[in-house]
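First to last, the sequence lines map onto chains A and B. Okay, so the first sequence: first residue is 155 according to the numbering used here, each after it adds one. Okay, so the second sequence: first residue is 526 according to the numbering used here, each after it adds one. Right, one structure below, let's go through it.
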Amino acid sequence: MLMRRILLAALLLVFAAPAQAQDKLPVVATFSILGDFVSNVGGDRVSVQTLVGPNGDAHVYSPSPADAKRLADAKLIVTNGLGFEGWLARLVKSSGAKARTVVASTGVKPRKRDGKHGHGHGHGHGHANGDPHAWQSVANAKTYVANIRDALVGVDPAGKADYEANAAAYLDKLDALEREVRETVSAIPPARRKVITNHDAFGYFEDAYGVDFIAPQGVSTDSEASARDVARIITQIRTQKIPAVFIENLSEPRLLNRIASETGARLGGTLYSDALTDEKGPAPTYIDLIRHNIRTLSAALMG
Amino acid sequence: MYDTLIAPFAEFDFMRRALVGVMALALGAGPIGVFLMLRRMSLVGDAMAHAVLPGAAVGFLISGLNIFAMTAGGLVAGFAVALLAGLVARSTELKEDASLAVFFLISLAVGVTIISVRGTNIDLLHFLFGSVLALDDQTLTLIAINATVTLLGLAIIYRPLVLECVDPLYLRSVSKAGGPAHLTFLALLVINLVSGFHALGTLLAVGIMMVPAAIGRFWARDVTAMIVVAVLAGMLSGYAGLLLSFHTAAPAGPAVILVAGILYAVSLLFGTVGGLLRQLFPARHLEA
């Protein structure tokens with residue numbers, strides 16, 4: 155009898171803990187960068203869940219039943235829009251979520267994906283012509299934050315003052331971040347502001363800050379490289395005098411080393427585009443991510 | 526002509542390295558392939574290619590994605606399987622192919638298990654076994670050393686090896702060199718496979734060994750000539766395959782083996798020793 159009572163008490167404790175979290179406003183963000191924005195604006199008043207967590211790839215995400223439950227419990231769903239989460243509409247419908255949905259990129263001037271950024275790798279973006287990676291420009295991130303702030307105020311008017319104060323403080327940080335990015339870029343000699351990469355996520359960054367992201371020609375990164383592919387990349391790096399290479403997914407890293415040592419170009423390292431890293435990684439928050447990218451670029455491009 | 530055949534190598538360092546790599550590879554793999562073929566062990570190479578997996582996996586567990594640790598691990602596992610299979614074949618009734626099949630499958634299972642337990646989704650073999658287009662100094666040195674060791678080793682065990690191909694019972698009756706020669710041969714096979722992995726990948730490493738050997742069979746009757754033809758065929762395939770990959774965007778490893786395959790088809794038809802045309806239209810016998 156006593157045993158049973160202890161068990162019962164323990165069970166109550168177990169269930170009580172999440173119950174307290176329920177006091178917070180449950181918000182679901184579709185991927186980790188949005189989640190970071192929401193938790194910065196929402197502060198202690200919201201509890202944020204992200205569908206595609208750190209290091210996850212939103213392009214190949216497949217929803218789990220737990221995700222549907224999170225959506226059903228949420229009061230607000232934050233999405234990127236611009237066709238980034240093609241899978242979301244169906245998931246929201248099937249989960250029976252009644253939450254309000256805010257498209258964080260509302261007001262951002264969409265950028266057409268231009269031909270220069272050839273899709274080397276065939277991952278299935280559900281967006282044929284728009285480029286959804288708008289957060290790569292800090293100015294756009296500020297629009298995101300403003301949209302999230304207004305949406306939070308909309309579903310939780312009592313927290314208006316908090317949200318506005320948090321957002322203002324975070325926007326200040328983003329301003330500082332943008333200044334840092336511009337200063338770093340301006341320190342790089344203009345002729346060296348170009349890298350060769352098969353990432354197609356940096357269009358907004360390129361437009362905003364004037365670093366050229368050049369796609370390697372004729373390379374399919376999924377299959378084994380041919381001698382012609384490698385020769386083309388090398389010729390391109392030589393003729394366009396590209397100082398740094400940021401190519402990932404080539405069938406193996408030693409090939410990249412070969413290209414680098416044959417052209418004198420530097421191997422850039424890793425740029426983060428679609429997802430934050432976990433706590434131990436170099437980009438656990440959006441500000442860290444942008445800072446990491448710009449420092450990596452600068453380190454590779456400075457003479 | 527110059528643009529097509531020589532310019533790619535003159536202009537690009539990686540092409541020169543690839544050429545040196547496949548040449549060295551053909552030098553060692555050719556004779557090994559010929560002996561495998563003569564001893565009816567043509568498919569053993571494939572089996573051994575899988576046997577190295579657990580060694581590579583253990584190398585990975587110990588020191589992460591370190592090419593040397595994983596290569597060394599692969600060598601150890603390959604040796605172990607080859608030696609165990611060789612010993613069992615020599616001391617029991619079980620034939621070599623059967624015991625090898627058993628040991629390589631066990632080895633493969635151990636490898637897959639180790640990798641799964643670790644829960645990594647990195648394609649270990651993909652990392653370990655490179656592309657001919659990405660040969661760095663260390664890999665090239667490794668391939669060159671392996672080819673040298675192979676040729677020296679074969680020179681030492683040449684006599685017993687040839688005798689064993691032709692008449693193993695006679696060899697057993699006159700000499701005790703058969704056993705050690707056989708085991709040495711298996712060891713040489715393993716190091717050539719590891720070289721081949723670096724240059725051509727797991728699937729095709731066996732190709733540069735067996736296809737030139739089969740080509741040699743169609744042009745020569747004695748072992749020495751067969752080996753010479755096999756080495757030349759391997760080198761020609763390497764050179765032409767790299768050019769094919771350069772001009773048509775075919776992946777380099779498969780291109781090399783495809784060229785070897787074409788040479789094989791030509792030899793099959795026109796070979797002077799047992800080629801199909803020669804069988805249909807035999808050269809006239811000298812008549813008295």
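Virtual Cβ for every residue (Gly too), placed ideally from N, Cα, C.
Item to check | Where the beta strand (DSSP E) through T255/A begins and ends | outcome: For this step, residue 255/A is matched to residue 101 along the first sequence. Its beta strand (DSSP E) spans residues R254 to V257.
Checklist entry - On the premise that L561/B lies in contact with A738/B, defined as a C-beta separation below 8 Å, what is that separation, rounded to the nearest angstrom? => result In the second sequence, the residue the question calls residue 738/B occupies position 213. In the second sequence, the residue the question calls residue 561/B occupies position 36. A738/B to L561/B, Cβ: 7 Å. Contact.
Checklist entry - Looking at C-beta atoms only, is the number of pairs between the region 426-442 of chain A and the region 195-209 of chain A that lie closer than 8 Å three or more? => result yes
Checklist entry - Hey, would you say G553/B sits closer than 8 Å to T675/B, going by beta carbons? => result As a position in the second sequence, residue 553/B is number 28, starting the count at 1. As a position in the second sequence, residue 675/B is number 150, starting the count at 1. Taking 8 Å as the Cβ cut-off, G553/B and T675/B qualify as a contacting pair.
Item to check | Residue-chain proximity (R392/A, chain B), Cβ-Cβ < 8 Å | outcome: If you number the first sequence from 1, residue 392/A lands on position 238. No, its Cβ sits nowhere closer than 8 Å to a Cβ of chain B.
Item to check | Selection of the region 597-612 of chain B by Cβ proximity to chain A, strictly under 7 Å | outcome: none
Checklist entry - Per DSSP, which one or two residues make a beta bridge with L421/A? => result The residue given as residue 421/A occupies position 267 in the first sequence. BP columns for L421/A point to V399/A.
Checklist entry - Quick one: what does DSSP say A460/A is sitting in, helix, strand or coil? => result This structure leaves residue 460/A out entirely; chain A is present only between 155 and 457.
Checklist entry - Hey, how far is the Cα of P685/B from the Cα of S698/B? => result Locating residue 685/B in the second sequence gives position 160, where the first residue counts as 1. Locating residue 698/B in the second sequence gives position 173, where the first residue counts as 1. Approximately 12 Å, taken between the alpha carbons.
Item to check | Proximity to A464/A [Cα-Cα], best of E334/A, V299/A and T338/A | outcome: Residue 464/A lies beyond the stretch modelled for chain A, which goes from 155 to 457, so this question has no answer here.
Item to check | Test: D528/B CB closer than 8 Å to a CB of chain A | outcome: Counting from 1 along the second sequence, the entry for residue 528/B is found at position 3. So, not an interface residue.
Item to check | Under the three-state DSSP convention, the category K620/B falls into | outcome: Taking the first residue of the second sequence as position 1, residue 620/B is located at position 95. It is coil, neither helix nor strand.
Checklist entry - Do A672/B and A777/B have their C-beta atoms within less than 8 Å of each other? => result If you number the second sequence from 1, residue 672/B lands on position 147. If you number the second sequence from 1, residue 777/B lands on position 252. Against a cut-off of 8 Å, the Cβ pair of A777/B and A672/B comes out as no contact.
Next on the checklist: Classify G546/B: buried if its beta carbon has 16 or more other beta carbons within 10 angstroms, exposed otherwise.
Outcome noted: In the second sequence, counting from the first residue as 1, residue 546/B sits at position 21. So G546/B ends up on the buried side.
Checklist entry - How would you list, in chain order, the residues of chain B whose beta-carbon sits under 8 Å from the beta-carbon of A419/A? => result Within the first sequence, the letter at position 265 stands for residue 419/A. In chain order: nothing, as chain B lies at least about 14 Å away.
Checklist entry - Under a three-way DSSP split, which group does Q394/A fall into? => result One-based indexing of the first sequence puts residue 394/A at position 240. Coil.
Next on the checklist: Applying the 10 Å Cβ sphere with the 16-neighbour rule, what's the burial state of V784/B?
Outcome noted: In the second sequence, counting from the first residue as 1, residue 784/B sits at position 259. Burial call: buried.
Item to check | Inter-stretch contact (C-beta, 8 Å, three-pair minimum) for the region 686-695 of chain B and the region 569-582 of chain B | outcome: no
Checklist entry - Any beta-carbon of chain A closer than 8 Å to the one on M540/B? => result Looking up residue 540/B in the second sequence gives position 15. Interface residue, yes.
Item to check | Helix, strand or coil at H277/A [DSSP, three-state] | outcome: Locating residue 277/A in the first sequence gives position 123, counting from the first residue. Reliability of the predicted coordinates at H277/A is poor, the pLDDT of 40 falling under 50, and no value is obtained from them.
Checklist entry - Looking at V257/A and G237/A, is the spacing between their C-beta atoms short of 8 Å? => result As a first step, residue 237/A must be located in the first sequence, where it is residue number 83. As a first step, residue 257/A must be located in the first sequence, where it is residue number 103. The answer is no: Cβ separation not under 8 Å.
Next on the checklist: What would DSSP say about T673/B, mapped onto helix, strand or coil?
Outcome noted: Numbered from 1 along the second sequence, position 148 holds the residue referred to as residue 673/B. Here T673/B sits in helix by DSSP.
Item to check | Residue range of the alpha helix (DSSP H) that includes D571/B | outcome: The residue you call residue 571/B lines up with position 46 of the second sequence. Where D571/B is concerned, the enclosing alpha helix (DSSP H) stretches over V569 to A576.
Item to check | Residue from M566/B, N717/B, G741/B and F539/B whose Cα sits closest to the Cα of E621/B | outcome: Residue numbering aside, residue 621/B sits at position 96 when the second sequence is read from its first letter. Measuring from the Cα of E621/B, the nearest candidate turns out to be M566/B.
Next on the checklist: Please tell me whether A429/A and S186/A are closer than 8 Å, where the distance is taken between their beta carbons.
Outcome noted: Reading the first sequence from its first residue, position 275 is the one you call residue 429/A. Reading the first sequence from its first residue, position 32 is the one you call residue 186/A. Yes; because the gap between Cβ atoms is below 8 Å, this pair is in contact.
Item to check | Simplified DSSP state of L660/B, which is helix, strand or coil | outcome: On the second sequence, position 135 is the one that residue 660/B refers to. If DSSP states are grouped into helix, strand and coil, L660/B belongs with coil.
Checklist entry - Using a C-beta cutoff of 8 Å, does L455/A count as contacting chain B? => result Here residue 455/A is taken as the residue at index 301 of the first sequence, counted from 1. No, because no Cβ of chain B sits closer than 8 Å to the Cβ of L455/A.
Checklist entry - Rounded to a whole number of angstroms, what is the C-alpha to C-alpha distance between A706/B and V559/B? => result Here residue 706/B corresponds to residue number 181 of the second sequence, with the count starting at 1. Here residue 559/B corresponds to residue number 34 of the second sequence, with the count starting at 1. Roughly 16 Å between the two C-alpha positions.
Checklist entry - Using the beta-carbon of each residue, which ones in chain B are nearer than 7 Å to I388/A? => result Residue mapping note: residue 388/A aligns to position 234 of the first sequence, counting from 1. Neighbours of I388/A on chain B, chain order: F537.
Item to check | Rounded Cβ spacing between G603/B and V756/B (contact assumed at less than 8 Å) | outcome: Here residue 603/B refers to the residue found at position 78 of the second sequence. Here residue 756/B refers to the residue found at position 231 of the second sequence. Not really, about 23 Å apart at Cβ, beyond 8 Å.
Checklist entry - How would you write the range of the beta strand (DSSP E) that F367/A sits in, first residue to last? => result Numbered from its first residue, the first sequence carries residue 367/A at position 213. Taken as a continuous stretch (DSSP letters only), the beta strand (DSSP E) holding F367/A covers D366 to I368.
Item to check | Contacting residues, own chain, Cβ-Cβ under 7 Å from I441/A (five flanking each side not counted) | outcome: The count along the first sequence starts at 1 and reaches residue 441/A at position 287. Excluding positions up to five away in sequence, the list reads K327 and L331.
Item to check | Beta carbon of A414/A nearer than 8 Å to that of R420/A | outcome: Here residue 414/A is taken as the residue at index 260 of the first sequence, counted from 1. Here residue 420/A is taken as the residue at index 266 of the first sequence, counted from 1. Yes; because the gap between Cβ atoms is below 8 Å, this pair is in contact.
Item to check | Residue range of the beta strand (DSSP E) that includes I350/A | outcome: Here residue 350/A refers to the residue found at position 196 of the first sequence. Where I350/A is concerned, the enclosing beta strand (DSSP E) stretches over K348 to T351.
Checklist entry - Since K266/A sits in a beta bridge, which residues does DSSP pair it with? => result Position 112 of the first sequence, counted from the first residue, corresponds to residue 266/A. The partner list for K266/A (beta bridge, DSSP) reads G284/A.
Next on the checklist: Applying the 10 Å Cβ sphere with the 16-neighbour rule, what's the burial state of S218/A?
Outcome noted: Position 64 of the first sequence holds residue 218/A. Answer is exposed; the Cβ neighbour count stays below 16.
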